[in-house]
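Enquirer:
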Amino acid sequence: MISLEQLRGYVLEEVLARLLYESGYRLLVSEAQDPEALKRGAHGLLVRGRGTDHQADVLGELTLPVPFSLPLRIFVEAKYRDTKTGLVDARNAHGVIHDVNEHHSTALAGSRTIPMRRYHYRYALFSTSGFTKPAQQYALAQQLSLVDLSNGGFSGLLDAADDAANKLSFFKVGFPKSPPAQG
């Protein structure tokens, strides 16, 4: 059974995926889109890294070409919690993005054609409760993107995600004493 908190996180991921799509990104949702870099994991799509594979909440590829650069992919992690996202998550983001950007599969080295298709991955960490000062300082130093969804400008987005999760929870978990408010 999925909890309301997990459902809220999932709905937020879907909202962020839609925002990426509307901003010109092609969503990567299947390993068939890039079998060398992506694979299906137990809980979603994994991106191959040099040391291990990493699950992305949302993964997108910018459809506009970036001159004199590798094609750009964005690795999105969403944190839906009551406490500020901290240094541990920022450090994890840094480790993940470096591992993914350094991916070179030695198992397929002899069977690859040259030039190989490579990408430059960027990491965006979204938080519904903001970030601690150490997380902000670390992210700034490591060029990680932090998006603070607790800012009032995102209240409509969070309200819609909460409303959708509450309505889905009503049908998923069972019927509470009274149905959710119509709106």
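Going by my numbering, the residue at position 161 of the sequence shown is 161; the numbering climbs one at a time, nothing skipped.
All residues carry an ideal CB built from backbone N, CA and C; glycine is no exception.
Just so it is clear, the structure is predicted and the values come from calculations on it, not from any experiment.
1) Going by DSSP, what residues sit across from F131 in a beta bridge?
2) What is the DSSP secondary structure of Q55, counted as helix, strand or coil?
3) Between the C-alpha atoms of F170 and L45, what's the straight-line distance to the nearest angstrom?
4) Can you tell which of E77, A161 and D162 has its C-alpha closest to the C-alpha of S145?
5) If distances are taken between C-alpha atoms only, which option among L59, L158 and N151 comes closest to V100?
6) Just confirm the distance between the C-beta atoms of V11 and A124, as a whole number of angstroms; I'd bet it's less than 8 Å.
7) On the premise that L72 lies in contact with R122, defined as a C-beta separation below 8 Å, what is that separation, rounded to the nearest angstrom?
Expert: Answer, in terms of the structure:
1) Locating residue 131 in the sequence shown gives position 131, where the first residue counts as 1. In DSSP, F131 forms a bridge with T85.
2) Taking the sequence shown and counting its residues from 1, the one referred to as residue 55 is at position 55. Looking at Q55 - three-state DSSP - the assignment turns out to be strand.
3) As a working note, residue 170 is residue 170 in the sequence shown. As a working note, residue 45 is residue 45 in the sequence shown. Taking the straight line joining both Cα atoms gives about 28 Å.
4) Here residue 145 refers to the residue found at position 145 when the sequence shown is read from its first residue. It is E77 whose Cα lies nearest to the Cα of S145.
5) Mapped onto the sequence shown, residue 100 falls at position 100. V100 has its Cα closest to that of L59, out of L59, L158 and N151.
6) Start at 1 with the first residue of the sequence shown, and residue 11 comes out as number 11. Start at 1 with the first residue of the sequence shown, and residue 124 comes out as number 124. That belief does not hold up - the Cβ atoms of V11 and A124 are roughly 18 Å apart, past 8 Å.
7) For this step, residue 122 is matched to residue 122 along the sequence shown. For this step, residue 72 is matched to residue 72 along the sequence shown. At roughly 7 Å, the Cβ-Cβ gap stays under 8 Å, so R122 and L72 are in contact.
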